[in-house]
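**Q** To start, I am sharing the structure in question, which I have written as structure tokens.
Protein chains in written order, with the numbering used here: chain A, 142 to 295; chain B, 5 to 790.
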């Protein structure tokens, strides 16, 4: 799969996909999108990188580290990072649910504030659900990438 | 007068607390831990004794909104049973240190014994069906640990497995019975008290009527009978009890004569006011008398003193069950009074058997005799309790057996039961003859000539003799003043298990009545047949050897062996390590269950759905999807297959867009893309071509057709019930999305604002999937190295 056409295409589309996925995630509350869809799309971008450049590319080409070839895939630094990501994601989701308890509201209660007269944007809405959704995003990206990289390395 | 909550709670909790702290106690006290057990058991006993005469429910609120509470119900019957467990427990703990001297795993032994005592008290006092079931199974669990005390011993393992298998298996029947009962109770005493046994016992007639109306009377009766019968070693499940004699003797005395095996009898007595009737009479009187007779005969065939006592225990349990089976007041009196009498004499007999085995070094009946010279005190004890077991007047066993005869004779007066009216008393007498026989045989261990093979017999230590001595004294006290025992505890137990109140009177008969005649016949025939004991014993054993299927144990071995072999055979077929085989069985199993579910629910797709009603755009998209589906099947390379498969997926995404579900469409699109990429990533690893036999092709065809058909039918059936227009929930979400969640994308607002908890669950699923795959891969690479 690591053909020149594939690599060239990947170089162009991966950044676009990442931007789109971020926007999908941010806009989720008002437009189609959200943590889950954004997460899957981000994973797709990584999958394309794996497909075009091989599994070690993220580590060697992007982060500039050396890869120990004999290492088990599950102990790989990148895989550990992915694993962390979904662990953190789960923690964020749970913590964001616990915060309302401090204010005497039930677990996972969400609220929102609207800021008006913000320069450039005009009106901006911050929903507490965004934190929860970010947890969702992290779990999806971390979980899927763990699966993908471990299975792919086989 | 209502009972005191704290006292009841303390009585139940104390053994468990002690059980938990046994390891520490054992560090401090060593083999004297048993004496700490004495203190605990005695404390529980005294706490319970202080509640004598009270009746009512006490409870500790736990989750009030769900009406979950730790509830206890005290009445004469429960109190009698609980006090029996604690009282005999005290003596057993007193006996154990000397008997178990030098044995391994004593900490575990005492932990299990204490937990066991606590669970028996729990069963006796719990007012909640679920709590009863939990305590009930806890007793099985503890007995499993105790029977298997000698863990390295094969027969011990076999026996503990068997006891577990039978009693826990029976417990599952009981659970279903209790759940059915709670369904009916929900209608009668209100949904709040659906599991509250105490509430049901307040309106037994209404419960029985409701059970009959709903057609659940016989199922509930049958299920509870199986559960209780398995626990109380009733025919044909009686064989586990003699096998359980692999346990140390204190355990046999405590669990297998005095308490656990009686839990079934206890429960029969407990349910008696609700379920008593014609069916009840036929079921339990027949079951009990059969058990009584069969096990009495088996006891005569026994060659080991503990085996003899075990069969006789099962036989006496049959007597109690038969007693409760008879619907007259005498039936209840038999059950309650004999429960008390039997506990006193049989626990003492087991302890005597323990002393004999401990001091003489053998348990074989033929090798023992003339022990009265070596063990004079034990001999006196044995005379009292063995004659009591035989039912010889004036010993206490006589009174309760008289009551059984009375009840058996009375049964034909109360009910039109035809030939059974003669058969019941006849069988009761026939079985009792064997009881007299084996009781005399046990007594003969202490009389007659001393066999030459018997070596020196040591004097037992004092604590070994005290426990059976106390029991024998109690038995003697009941023998001399039976009315005293009745007034103290038995009367209140009878009131709780019988329908009507009746002043119970027990005394030696002064004039002739049918029961007196039956007793006379029993004792006379027993004494007359005793000289031929060895011939009867050998004849029975010869018959058993000639035809092993007569013995229930043979059936157990055959069934368990067959199941083990069959399980291994099925396992080899289903778990053969090939992914295809796993997938085949999983898919076919799922399809079978789904289709069976639809069939059972009588769900039929309405014929209106089998039409075509779609906008042209939708029709076109679906048509392309169908063509793509065909193309997948026809493609000759993996790449082509995967690409055409993704066409199908994208068509579905477009269908979602046309059906105004942009979120779903977006999800479908990204997931489809990701799946396509993953396929491309692994596709190089898949071999280009498989050698597949025609049979495999046929199998795959069948599986794929079945899965396709199931999916199709499921979609048809589940979308059939689509409501007209939007539902209340849908409208509520649409209206509340902006004011409550601050978002205009209802799907997302629902996911994170309204149903965040569900999303949280899904997150955990994703995380678990990742962790499991990680684990699988790590474990597999670990396995390769070996």
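We put the beta carbon where it would ideally sit given N, CA and C, even for glycine. No experiment lies behind these values; they were computed from the predicted model shown.
Does the segment 193-213 of chain B come within contact of the segment 258-266 of chain B, defined as at least 3 CB pairs closer than 8 Å?
**A** As far as the Cβ criterion goes, the segment 193-213 of chain B does not touch the segment 258-266 of chain B, which means the pair count is below three.
**Q** Where are the beta strand (DSSP E) runs, 3 residues long or more, that stay fully inside the segment 699-766 of chain B, in chain order?
**A** As far as the segment 699-766 of chain B is concerned, it has no whole beta strand (DSSP E) run of at least 3 residues.
**Q** Are residue 100/B and residue 38/B closer than 9 Å when you measure CB to CB?
**A** Walking along the second chain from the start, residue 100/B turns up at place 96. Walking along the second chain from the start, residue 38/B turns up at place 34. Taking 9 Å as the Cβ cut-off, residue 100/B and residue 38/B qualify as a contacting pair.
**Q** Would residue 191/A count as contacting chain B if we go by Cβ distances under 9 Å?
**A** Start at 1 with the first residue of the first chain, and residue 191/A comes out as number 50. By this cut-off, residue 191/A is an interface position.
**Q** Looking at the C-beta of residue 691/B, does it have a partner C-beta in chain A at a distance below 9 Å?
**A** Taking the first residue of the second chain as position 1, residue 691/B is located at position 687. So no, residue 691/B is outside the interface.
**Q** So with CB distances below 8 Å, who are the chain B contacts of residue 188/A?
**A** In the first chain, counting from the first residue as 1, residue 188/A sits at position 47. Simply 678, 681, 682, 685.
**Q** Should the segment 211-231 of chain B be regarded as contacting the segment 50-67 of chain B, the criterion being three or more beta carbon pairs within less than 8 Å?
**A** No, the segment 211-231 of chain B does not touch the segment 50-67 of chain B.
**Q** Among residues of its own chain, excluding the 5 on either side of residue 539/B, which ones have a beta-carbon nearer than 7 Å to its beta-carbon?
**A** Taking the first residue of the second chain as 1, we reach residue 539/B at position 535. Taken in chain order, the list of residues that qualify is empty.
**Q** I'd like to know if the segment 365-374 of chain B and the segment 439-453 of chain B are in contact, where contact means that at least 3 CB-CB pairs between them fall below 8 Å.
**A** Cβ pair count under 8 Å is three or more, so yes.
**Q** Identify whether residue 367/B lies in helix, strand or coil by the three-state DSSP scheme.
**A** In the second chain, the residue the question calls residue 367/B occupies position 363. The answer is coil: DSSP assigns residue 367/B none of H, G, I, E or B.
**Q** Since residue 160/A meets chain B, which of its residues come closer than 8 Å, beta carbon to beta carbon?
**A** Position 19 of the first chain holds residue 160/A. Ordered by position in chain B, no residue passes the 8 Å Cβ test against residue 160/A, which lies about 14 Å from the chain.
**Q** Straight-line CA distance for residue 106/B to residue 473/B?
**A** In the second chain, residue 106/B corresponds to position 102, counting from 1. In the second chain, residue 473/B corresponds to position 469, counting from 1. Straight-line Cα distance between these residues: approximately 24 Å.
**Q** Got a sec? Which residues, its chain only, sit under 7 Å from residue 334/B by beta carbon, not counting five neighbours each side?
**A** If you number the second chain from 1, residue 334/B lands on position 330. Cβ neighbours of residue 334/B beyond the five flanking positions: 407, 410, 411, 414.
**Q** Helix, strand or coil, according to DSSP, for residue 4/B in the structure here?
**A** Here chain B comprises residues numbered 5 to 790, so residue 4/B is not present and cannot be evaluated.
**Q** Have a look at 256/B, 239/B, 233/B, 155/B and flag the residue whose alpha-carbon is nearest the alpha-carbon of residue 273/B.
**A** Stepping through the second chain from its first residue, residue 273/B is reached at position 269. Measuring from the Cα of residue 273/B, the nearest candidate turns out to be 233/B.
**Q** Can you tell me whether residue 191/B sits near the ligand SAH, meaning its C-beta is under 8 Å from at least one heavy atom of the ligand?
**A** Looking for the ligand SAH in the displayed structure turns up nothing, as the structure carries no ligands at all.
**Q** Can you find the residues in the same chain that come closer than 7 Å, C-beta to C-beta, to residue 139/B, ignoring five residues on each side of it along the sequence?
**A** In the second chain, the residue the question calls residue 139/B occupies position 135. Cβ neighbours of residue 139/B beyond the five flanking positions: 123, 126, 127, 130.
**Q** Closer than 8 Å, Cβ to Cβ, to anything on chain B: give me those residues from the segment 264-280 of chain A, in chain order.
**A** Going along the segment 264-280 of chain A in chain order, one finds 266, 268, 270, 273, 274, 276, 277, 280 with a Cβ nearer than 8 Å to chain B.
**Q** Is it buried or exposed for residue 258/B, if we count other Cβ within 10 angstroms and need 16 for buried?
**A** Indexing the second chain from 1 puts residue 258/B at position 254. Buried.
**Q** So that I know if they touch, is there some Cβ in chain B lying closer than 9 Å to that of residue 198/A?
**A** Counted from its first residue, the first chain places residue 198/A at position 57. Cβ-Cβ to chain B under 9 Å: no for residue 198/A.
**Q** Could you tell me the alpha carbon to alpha carbon distance between residue 542/B and residue 305/B, rounded to whole angstroms?
**A** On the second chain, position 538 is the one that residue 542/B refers to. On the second chain, position 301 is the one that residue 305/B refers to. So the two alpha carbons sit approximately 7 Å from each other.
**Q** I'd like the span of the beta strand (DSSP E) that includes residue 64/B, first residue to last.
**A** Counting from 1 along the second chain, the entry for residue 64/B is found at position 60. Its beta strand (DSSP E) spans residues 60-67.
**Q** Please report how far the alpha carbon of residue 254/B lies from the alpha carbon of residue 302/B, in whole angstroms.
**A** Indexing the second chain from 1 puts residue 254/B at position 250. Indexing the second chain from 1 puts residue 302/B at position 298. Near 23 Å, if we compare the C-alpha coordinates of residue 302/B and residue 254/B.
**Q** Spatial neighbours of residue 600/B within its chain, please: CB distance less than 8 Å, with the 5 preceding and 5 following residues excluded, ordered by chain position.
**A** Translated into positions along the second chain, residue 600/B becomes position 596. Correct list: empty, nothing qualifies.
**Q** With a CB to CB cut of under 8 Å and the five nearest residues on each side skipped, what residues in its chain are close to residue 509/B?
**A** What you label residue 509/B is simply residue 505 of the second chain in a count that begins at 1. If we look at residue 509/B and ignore the five residues flanking it on each side, its Cβ neighbours are 487, 490.
**Q** Check each residue of the segment 739-764 of chain B: if its Cβ is closer than 8 Å to any Cβ of chain A, include it; give the result in chain order.
**A** For the segment 739-764 of chain B, which is checked against every Cβ of chain A, the residues closer than 8 Å are 745, 746, 747, 748, 749, 751, 752, 753, 755, 756, 757, 760, 761, 763, 764.
**Q** Grab me the residues of residue 560/B's own chain with a C-beta within less than 7 Å of its C-beta, minus the 5 sequence neighbours each way, in chain order.
**A** Looking up residue 560/B in the second chain gives position 556. Cβ neighbours of residue 560/B beyond the five flanking positions: 166, 243.
**Q** Quick check: the Cα distance between residue 187/B and residue 300/B, rounded to an integer number of angstroms?
**A** Taking the second chain and counting its residues from 1, the one referred to as residue 187/B is at position 183. Taking the second chain and counting its residues from 1, the one referred to as residue 300/B is at position 296. So the two alpha carbons sit approximately 39 Å from each other.
**Q** Kindly indicate the opening and closing residues of the beta strand (DSSP E) around residue 421/B.
**A** In the second chain, the residue the question calls residue 421/B occupies position 417. Neither: residue 421/B is in no beta strand (DSSP E) and is coded neither H nor E.
**Q** For a test of the three-state rule: what should DSSP assign to residue 74/B, helix, strand or coil?
**A** By 1-based counting over the second chain, the position of residue 74/B is 70. Residue 74/B falls in the strand class under three-state DSSP.
**Q** For residue 754/B, which residues in the same chain have their Cβ closer than 7 Å to its Cβ, ignoring the five residues on either side in sequence?
**A** Locating residue 754/B in the second chain gives position 750, where the first residue counts as 1. Contacts found: 737.
**Q** Can you list the residues of chain B that residue 157/A reaches, using a CB-CB cut of under 9 Å?
**A** Taking the first chain and counting its residues from 1, one reaches residue 157/A at position 16. Chain B residues near residue 157/A: none, gap ~13 Å exceeds 9 Å.
**Q** Quick check on the burial criterion: 16 or more other C-beta atoms within 10 angstroms. Buried or exposed for residue 311/B?
**A** Against the second chain, residue 311/B aligns to sequence position 307. Buried: at least 16 other Cβ atoms inside 10 Å.
**Q** Within the continuous beta strand (DSSP E) that includes residue 256/A, where are the two ends?
**A** Position 115 of the first chain, counted from the start, is the residue given in the question as residue 256/A. Its beta strand (DSSP E) spans residues 253-259.
**Q** May I ask you to list the residues that DSSP assigns as paired with residue 200/B?
**A** Reading the second chain from its first residue, position 196 is the one you call residue 200/B. BP columns for residue 200/B point to 132/B.
**Q** Can you look up residue 263/A in the DSSP assignment and give me helix, strand or coil?
**A** Numbered from 1 along the first chain, position 122 holds the residue referred to as residue 263/A. Strand, per DSSP.
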